[in-house]
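Just so you know, the protein sequences line up as chains P, A, U and H, in that order.
Quick note: the first sequence uses numbering that gives the first Met the number 0, first residue 0, plus one each step.
Quick note: the second sequence uses numbering that gives the first Met the number 0, first residue 0, plus one each step.
Quick note: the third sequence uses numbering that gives the first Met the number 0, first residue 0, plus one each step.
Quick note: the fourth sequence uses numbering that gives the first Met the number 0, first residue 0, plus one each step.
All C-beta atoms, glycine included, are put in the ideal place defined by N, C-alpha and C.
4 protein chains.
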Amino acid sequence: MSGFWGNNIKYSIYGESHGNGIGILIDGLPAGLDLDLDEIHNEMDRRRPGKSSTATSRNEGDNFDILSGYFKNKTTGAPLCILIKNTNTISGDYAEVKNVMRPGHADFTGFVKYDGFNDYRGGGHFSGRITAPLVFAGAVAKQILKAKNIFITAHISSIGNIKDDDFNPLEIQEENIEILKAMEIPTLRQGVAEEMTEEILKCRNDKDSIGGSVECAILNVPVGLGEPFFDSVESVLAHLLFSIPAVKGVEFGTGFKLATMKGSEANDEYYYDGDVVKTYTNNNGGILGGITNGMPVIFKTAIKPTASISKDQRSINILTKEAATLEVRGRHDPCIVPRAVPVIEAVAAMAILELLYNK
Amino acid sequence: MSGFWGNNIKYSIYGESHGNGIGILIDGLPAGLDLDLDEIHNEMDRRRPGKSSTATSRNEGDNFDILSGYFKNKTTGAPLCILIKNTNTISGDYAEVKNVMRPGHADFTGFVKYDGFNDYRGGGHFSGRITAPLVFAGAVAKQILKAKNIFITAHISSIGNIKDDDFNPLEIQEENIEILKAMEIPTLRQGVAEEMTEEILKCRNDKDSIGGSVECAILNVPVGLGEPFFDSVESVLAHLLFSIPAVKGVEFGTGFKLATMKGSEANDEYYYDGDVVKTYTNNNGGILGGITNGMPVIFKTAIKPTASISKDQRSINILTKEAATLEVRGRHDPCIVPRAVPVIEAVAAMAILELLYNK
Amino acid sequence: MSGFWGNNIKYSIYGESHGNGIGILIDGLPAGLDLDLDEIHNEMDRRRPGKSSTATSRNEGDNFDILSGYFKNKTTGAPLCILIKNTNTISGDYAEVKNVMRPGHADFTGFVKYDGFNDYRGGGHFSGRITAPLVFAGAVAKQILKAKNIFITAHISSIGNIKDDDFNPLEIQEENIEILKAMEIPTLRQGVAEEMTEEILKCRNDKDSIGGSVECAILNVPVGLGEPFFDSVESVLAHLLFSIPAVKGVEFGTGFKLATMKGSEANDEYYYDGDVVKTYTNNNGGILGGITNGMPVIFKTAIKPTASISKDQRSINILTKEAATLEVRGRHDPCIVPRAVPVIEAVAAMAILELLYNK
Amino acid sequence: MSGFWGNNIKYSIYGESHGNGIGILIDGLPAGLDLDLDEIHNEMDRRRPGKSSTATSRNEGDNFDILSGYFKNKTTGAPLCILIKNTNTISGDYAEVKNVMRPGHADFTGFVKYDGFNDYRGGGHFSGRITAPLVFAGAVAKQILKAKNIFITAHISSIGNIKDDDFNPLEIQEENIEILKAMEIPTLRQGVAEEMTEEILKCRNDKDSIGGSVECAILNVPVGLGEPFFDSVESVLAHLLFSIPAVKGVEFGTGFKLATMKGSEANDEYYYDGDVVKTYTNNNGGILGGITNGMPVIFKTAIKPTASISKDQRSINILTKEAATLEVRGRHDPCIVPRAVPVIEAVAAMAILELLYNK
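In C-alpha cells:
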C-alpha cells in the first residue's frame with residue numbers, strides 16, 4: 000500500500016512539496032495514444048496555485064517533463080513517468096515551527112507514522128501540491144474517455160452556507176462542461192460565484208478559512224461498469240476521492256437525503272427512451288447494485304476548510320511535549336474548494352477508466 | 000476485480016441467494032488464532048433475517064461449515080473457507096417476474112453486466128444475503144482487534160426523519176458496546192428505538208420501505224494507520240462501506256457539515272493528556288491526512304430505503320422491451336437499516352485490520 | 000500473499016489433505032460460459048490417485064460440488080467456488096510420527112511458519128492433494144483457451160535417467176494432444192513408457208522414489224502476450240510452476256543448454272510463412288523479451304523424487320529436540336511425475352489465460 | 000501488469016534506452032533508513048557498461064538523482080523515485096535498421112505488442128540498460144537485509160562450456176562475498192576467470208556472443224519465509240529472475256539433476272547443530288514446500304548468448320514483409336553474463352525482502 004493505485008492502469012505518485020520535485024508514474028497506458036499536451040496543461044492550470052486572489056500566492060508553473068513512455072508525440076506502451084520540478088519553495092517558513100503540530104493537518108499523524116523522518120517542509124508528501132500529478136493523470140484519463148464519448152464535469156456546490164443549484168440529474172448538457180471549465184468559481188446559478196468569492200475573501204481577511212462541497216457528473220458511462228462486491232462504482236470512486244486531502248464526505252445521487260426517503264420516493268422507475276433504458280429520476284446517481292445503469296453518475300464531495308489559518312490556535316510541541324500556541328505562517332489558500340474541482344474530476348476520470356478496462 | 004478484497008488478509012466472497020450456498024474464503028489469517036465460534040454466531044444472529052417484525056420473514060439459520068484452515072479449535076494459517084448453505088429458498092417467487100426489472104435494484108445492471116446469465120433468483124449474487132459472510136469475516140477480524148484492545152460499535156443514527164443523538168466524539172464508553180449490541184434497534188437516546196420501530200411498521204403497512212443512517216465508532220485505534228495517497232483510512236473504510244448494498248453516502252467526523260464550517264471552528268486543537276496527544280474536538284473523526292490520530296474513528300453511512308416494495312411501480316420488461324407494471328412479491332425488509340448495523344461494523348473491522356497489518 | 004493468484008481471473012485455493020475438503024474459488028470468469036463438466040472430470044481423473052500401480056493407493060473420487068457461480072449449466076459471472084470433499088482419509092498414519100520431521104517435506108518449514116498450528120495430517124495444506132483444485136481451475140481455463148484455438152499438451156521428458164524424445168519445437172501436432180492425454184505414462188518415443196514404468200516399480204520395491212521431468216508445449220498462442228518487466232511470459236509461467244509441490248527447475252526453449260551456446264547458434268532467425276512470421280528454430284521457446292512471438296511456447300520442469308519413502312532416514316524430533324530415525328508409512332507415490340503432468344498443463348492454462356486477458 | 004512488482008514494497012520501473020532517462024519508483028520503504036549511497040554506486044558500477052574489454056563500449060556513468068523520499072540523508076517513508084539520465088546515446092545506429100527484426104531480440108514481439116509505437120532506439124524499454132534501476136533497487140534491499148544479517152552473493156557458474164565449481168551448499172563463507180564482488184569475472188576456482196575471459200574475447204573476435212550461467216546464494220535467511228501456494232520462495236525468486244532479459248532457466252538446489260535422483264539420495268536429512276536445525280545435504284536449495292528451511296537458498300540461472308551479434312543473420316523487414324539480411328551494428332556485449340551477476344543478486348534481494356515483510 001501507500002502511494003499506489005490501480006489494477007489495469009497503475010498509478011504511482013511521488014514527491015514532496017519542497018523536495019526536488021513531484022510526479023507520477025502511469026503504467027499500462029495503451030501504446031499509440033496521442034496526448035494533447037495543451038489540454039493537459041489547461042487542466043493543470045485549473046489547479047495551479049498563484050493565479051487568483053482566492054488562492055495561495057505560491058506561484059508554481061507546474062510544468063512537467065515526460066521522462067519516459069512518450070516517443071514521436073505518442074505513448075509507447077511503456078510506463079509514462081513525469082516530473083514536475085519544485086521551484087518556488089520557501090522552506091524557511093516551516094523550519095521554525097516544525098515541532099508545533101498544526102491542528103487539522105497531518106503534521107502529527109505523519110510524524111508518528113514516519114517516526115519523525117518525514118519531510119515536514121510544506122507538508123512534504125501530504126501537501127495538497129501532490130495533487131498536481133493527479134491532475135496530470137486525470138487529464139490523460141479524460142482524453143481516453145473523451146474518445147469513448149465519456150465526459151466529466153463538476154461545479155462548486157457550496158462554499159460555507161452559500162449554495163449553488165444541483166445539476167439536473169436528467170439533463171446535464173455537454174456544452175456546459177466547457178463553460179464550467181473556464182470559470183474560476185465554476186457554478187450553475189447566476190450570481191452565486193460572486194457571493195462565494197466574497198465569502199472566501201472575507202475569510203482570508205479574518206485570517207480564517209472556509210469549507211465547501213463539489214458536485215461532479217460523469218456523462219455517457221456505459222451500462223455494466225462496477226462490481227457487486229467489493230469494487231462497486233461507489234467504492235472505486237470513493238476510494239480515490241477520499242485520498243484527496245481535505246475530503247471528508249462522499250455521497251452518490253441523492254446521497255444522505257436518501258436516508259430520509261421512502262422506497263416509493265427513492266426508487267428510480269424505468270422506461271424505454273427508444274431502445275435506451277432510462278429512469279424517470281436519478282436518485283441512485285447512475286449506480287445500482289454497485290454497477291452503472293447508463294444514467295449520469297453523480298456524486299457530491301465535502302471538503303473541509305483549509306487547516307492552515309493564521310489565527311492563533313492551541314497546539315502542542317512534539318519535542319518538548321508541552322502546550323504551544325500556533326500561528327501558521329506561509330502562503331495558504333483561504334478556501335481550497337475551487338482548486339479541488341479539477342482534482343475531483345481527475346480522480347473521477349481515473350476511476351471510470353479503471354472500471355471501463357475491467358469490463 | 001470483483002468479489003475480492005484485501006492485501007494482508009484477502010477476502011473472496013462467493014454465492015448466490017438461491018444457489019447451493021454462500022460463503023467467504025479468508026486468506027492470510029495468523030495461525031493459532033482461537034476463534035470464539037459462539038461470538039461469531041452472535042454477530043451473525045444480529046444480521047440474520049426472520050427474527051423480528053421489522054425484517055423479512057425469510058428464516059435462515061445462517062449456520063456455517065468451516066471447510067478449511069481450522070484444526071483443533073484454532074486457525075492453521077492456511078486459508079479459512081466457510082460455507083453457509085441456503086435452505087429457506089422460495090425461488091418460485093422470482094421466476095415469473097424475472098424479466099421485469101425492479102426499480103432501485105440491480106436487476107437491470109446485473110442483466111446487462113452478465114449478459115443475462117446471472118442467477119436472478121432472490122437477487123443472486125447481488126442479494127443482501129451475501130452480507131452474511133461479511134459478518135462472519137468481520138467477526139473474525141473483531142476478535143483479532145479485541146486482542147489489541149480495539150473495539151467497534153455502531154448505532155442507528157436515523158430512520159427516515161427520526162434522529163438519534165450522535166456519539167459523543169470524545170467520550171464513547173466501551174461499556175456501551177455490549178448494550179448497543181443487545182438492542183434490536185441500537186440507539187443512544189431513550190425512546191427513539193420505539194419511534195423508529197413504529198415508523199418501520201408504518202412503512203410495512205403502507206407496502207413501502209424507509210431509509211436511514213448508521214453512525215459507527217472505532218475505539219483505541221493506534222496513531223499512524225493509513226496512507227497519505229491512495230490508501231487513506233477514509234479510502235479504505237469507504238471502499239468497503241460502499242460495497243454494502245444500499246449504502247449511498249459515507250462521511251467522517253463532522254462530515255458534510257465541515258463544508259459549512261470555518262477553519263477556526265473545524266480544526267481539532269491539540270493537548271497532552273499525560274503522555275497522550277488528544278484533541279479538544281473530533282471534527283476530523285480521528286483521521287488527519289488520511290492517517291489515524293488516536294482519537295475515535297467516527298463515520299456515518301447513509302442507507303437508502305429497501306428497493307423491494309409491494310407498491311405498484313413503473314418498470315420495463317427486458318425481453319419484450321415494453322413498459323411493465325411491477326408489484327414486487329417475496330419477503331422483504333421494510334427497512335434494512337437495523338440489519339445493516341452489524342454489516343457496517345464487520346467491514347469496519349476488516350478495514351482496520353488491513354490498515355493495522357500494513358503498518 | 001499465500002493461497003491466492005491472479006489479476007484478471009483470481010484463484011483462491013483452500014483445504015487440507017485430511018480436513019473437511021479442498022477446493023478453489025475462481026473469481027472473474029466471464030458469464031455465460033458453457034462448462035463441459037465431463038471434460039473437467041477427465042482432467043481430474045488424469046491426476047487422481049488410486050488408479051495405477053505407479054501411484055499411491057489412496058483412492059479419492061475427486062468429485063466436486065459447484066457451490067456458486069453456475070446456473071442453468073453456465074457460469075453466471077459471479078465467483079465460481081467448488082468443494083471436493085475428503086473421503087478416503089486415514090489420519091492415524093500421521094499422528095504417531097507428527098513430531099518427527101520427514102526429510103524433503105514441508106513438515107519442518109510448515110511447523111515453524113505456522114508456529115505448530117498447521118494441520119499436519121497428510122501434509123495438510125502442503126499436500127500434493129491440493130493440486131486437485133488446480134486441475135479443476137486449469138480445466139476451466141483450457142476450455143476458454145480452446146475456444147480461442149489455444150492448446151496445451153505435455154509429456155514425461157524423463158524418469159530418472161530414462162529419457163523421452165523432446166517435442167519437435169517446430170511441428171507439434173494438435174492430434175498428438177489427445178493421444179498423450181490418454182496415456183498413463185504420456186511419452187513420445189515408442190517403448191519408453193514401459194521402461195519408465197519398470198523404473199518406477201523398481202523404486203517402489205526398493206522402498207524408494209524417483210524424480211523426473213516434464214516437457215510442456217502451448218500451441219497457437221498469439222504474438223504479443225507478456226510484459227518486458229516484471230511479468231514476462233516466463234515469469235508468469237514459472238511463478239505458477241514453482242508453486243506445484245516438488246518442482247525445482249524450469250527452463251524455456253533450449254533452456255540451460257542455451258548457456259553453452261553462441262549467439263549465432265541460439266538466435267532464432269526469422270522468415271515469412273505467407274503472412275505469418277516464423278522462426279527456423281525455436282531455441283527461445285516462443286518467447287522473446289518476455290513476450291510471445293507466435294511460435295509454440297515450450298518449457299521443461301524438473302520434479303524431485305517423492306520425499307515420502309519407506310527407507311529409514313535420519314531426522315529430528317521437533318518436540319524432544321533429539322535425533323530420530325524415520326520410516327515413513329502411509330500411502331505414497333513412488334514417482335509423482337505422471338500425476339504432475341495434468342497439474343503442469345493446468346497451471347500453464349491459468350498463466351496463458353491471465354496473459355491473454357492482460358492484452 | 001507490466002513494469003510493476005511487489006506487494007509490501009512496490010517497484011515501478013520506467014524508461015527507455017535512448018529516451019530522457021530511466022529509473023525506478025520504490026514505494027513502501029521504511030522511514031529513517033540510512034542509505035549508503037557509496038555502496039549503491041558500487042553495486043551500480045558492477046553492472047555499468049564501458050568499463051571492461053568483455054563488455055559493450057557504451058560508457059554510461061549511471062549517476063542517479065533521487066527525486067523524492069529522501070531527506071537529511073534518510074528515507075522519509077514516502078515513495079523514493081530515482082532518475083538516471085541517459086547521456087551516451089548514439090541513436091543513429093538504430094534508425095536505419097529499425098524495420099529489420101533482430102533475431103533473438105524483442106524487436107518483433109515489441110513491435111506487435113505495442114502496435115509499432117514502441118521506442119525502438121537501443122531496444123527501448125526492452126534494453127538491458129533498464130536493469131540499472133533494478134540494481135539500484137536491489138542495493139537498497141541489500142542494505143535492509145544486511146541489517147538483518149542476510150547476505151547475497153553470486154558467481155559465474157559457466158561461460159559456454161567452461162565451468163566454475165559450485166558453491167559448497169553447506170559452507171558458504173561470508174568473507175567470500177567481498178572477494179567475489181571485487182572480481183570482474185567472479186568465480187570460485189583458481190584460473191577459471193582467465194579461461195572465461197579468453198572465451199568471451201574469442202567470441203567478440205568472431206563477431207559472435209556466448210551464453211553462461213550464474214549461481215547465487217542467499218545466506219542466513221530465517222526459517223519460514225514463503226507460501227505453500229502460490230507464492231513459494233521459488234515462485235517469487237523465479238518471477239523476478241525471469242524478468243531479467245536473457246534469463247531462460249532457473250533451478251533451485253540441485254535443480255534439474257534432482258529429476259535423475261532417488262528420494263533416498265535427494266532428501267536432505269535433518270540434524271540438530273546445537274539448537275539449530277540443519278540438513279546434511281542441501282539438494283533442496285534451502286527451500287521445502289515453498290518455504291525456507293534455514294539452509295542457504297541456492298539457485299542457478301541460465302543466460303542465453305547476447306542476441307546482438309555482428310554476423311550476418313536471416314531476418315525479415317516488418318514493413319516490406321520481405322526477407323532481409325541483418326548485420327547488427329551498435330555497441331554490444333559479447334557476453335552479458337558478467338554484467339548479469341549484480342542484476343541477479345539485486346532481484347534476489349528484492350524477492351527476499353518481499354518474503355521477509357510478508358512474514
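Apart from the 5 residues on each side of it in sequence, ILE302 of chain U sits with its Cβ closer than 7 Å to the Cβ of GLY210, GLY211, SER212, VAL213, ALA245, VAL246, ILE335, VAL336, ALA339 in its chain, given in chain order.
In the DSSP annotation of this structure, the continuous segment of the beta strand (DSSP E) that includes HIS154 of chain U starts and ends at 150–158. The Cβ atoms of ILE129 of chain U and GLY273 of chain U lie no closer than 9 Å to each other. The beta carbon of ILE12 of chain U lies closer than 6 Å to those of GLY2, ILE23, PRO132 in the same chain, with the five residues before and after it left out.
Between GLY76 of chain P and GLY5 of chain P, the C-beta spacing is not below 9 Å. Excluding five sequence positions before and after ALA345 of chain H, the CB atoms of its chain that fall closer than 6 Å to its own CB belong to LEU133, VAL134, GLY137, given in chain order. Under the three-state reduction of DSSP output, SER1 of chain P falls in the coil class, being neither helix nor strand. LEU257 of chain A counts as buried, since at least 16 other C-beta atoms from the protein chains shown sit within 10 angstroms of its C-beta. Beta bridge pairing from DSSP links ALA301 of chain U with U:SER212, U:GLY248.
Interface residue (Cβ-Cβ distance to chain H less than 9 Å): THR108 of chain U is classified as such.
Interface annotation, GLU353 of chain U: not in contact with chain A, CB-CB separation never under 9 Å. Within its own chain, the residues whose Cβ lies closer than 8 Å to the Cβ of ILE161 of chain U, once the five positions on either side in sequence are excluded, are VAL191, GLU194, MET195, GLU198, listed in chain order.
When DSSP reads this structure, ARG313 of chain P sits in a beta bridge with P:THR324.
Residues of chain A with a Cβ closer than 7 Å to the Cβ of TYR113 of chain U are, in chain order, ALA30, THR75, GLY76. Not one beta carbon of chain U lies nearer than 9 Å to the beta carbon of PHE229 of chain A. Cα atoms of SER208 of chain A and ASP267 of chain P: separation of roughly 14 Å, rounded to the nearest angstrom. Any Cβ of chain A closer than 9 Å to the Cβ of TYR69 of chain U would place that residue at the interface, and such an atom is present. Between HIS124 of chain P and PRO78 of chain H, the C-beta gap is smaller than 9 Å, which places the two residues in contact.
At a cut-off of 9 Å between beta-carbon atoms, PHE3 of chain U makes contact with chain A. Sequence-ordered contacts of the stretch 247–275 of chain U with chain H read LYS247, GLY248, VAL249, GLU250, PHE251, GLY252, GLY254, PHE255, LEU257, ALA258, THR259, MET260, LYS261, GLY262, SER263, ALA265, ASN266, ASP267, GLU268, TYR269, TYR270, TYR271 [C-beta pairs closer than 7 Å].
Contact check between the stretch 168–177 of chain U and the stretch 61–71 of chain U: fewer than three CB pairs, one atom from each, fall below 8 Å, which does not count as touching. Listed along chain U, the residues sitting closer than 8 Å to ASP64 of chain A by beta-carbon distance are ASN19.
Only residues of its own chain outside the window of five on either side were considered, and among them VAL99, SER314, ILE315, ASN316 have a CB closer than 7 Å to the CB of ALA323 of chain U, listed in chain order. Around THR305 of chain A, the beta-carbon contacts reaching into chain P at under 8 Å are GLY262. Judged by their CB atoms, ASN219 of chain P and GLY252 of chain P are not nearer to each other than the 9 Å cut-off. Annotation: the continuous beta strand (DSSP E) that includes VAL276 of chain A extends over 275–278. Residue range 130–145 is occupied by the alpha helix (DSSP H) that includes LYS141 of chain P, with no beta strand (DSSP E) assigned at that position.
Across the set A:GLY289, A:LYS112, A:GLY223, A:PHE228, the C-alpha of A:GLY223 shows the shortest separation from the C-alpha of VAL276 of chain A. Bounds of the alpha helix (DSSP H) holding LYS201 of chain U are 191–204.
Of all residues in the stretch 194–208 of chain H, only CYS202, ASP207, SER208 place a beta-carbon less than 7 Å from a beta-carbon of chain U. Setting aside the 5 residues that flank it on each side, LEU287 of chain H has no residue in the same chain whose C-beta is closer than 7 Å to its C-beta.
In the DSSP assignment, CYS80 of chain U is bridged to U:LEU24, U:SER67. If the five residues before and after LEU28 of chain H are omitted, its C-beta is found closer than 6 Å to the C-beta atoms of THR74, LEU79, all from its own chain and listed in chain order. At a Cβ-Cβ threshold of 9 Å, THR53 of chain P and ILE184 of chain P count as neighbours. Taking 9 Å as the cut-off, the beta carbon of ALA350 of chain H is found closer than this to the beta carbon of LEU239 of chain H.
Interface criterion not met: the Cβ of TYR119 of chain U is under 9 Å from no Cβ in chain H.
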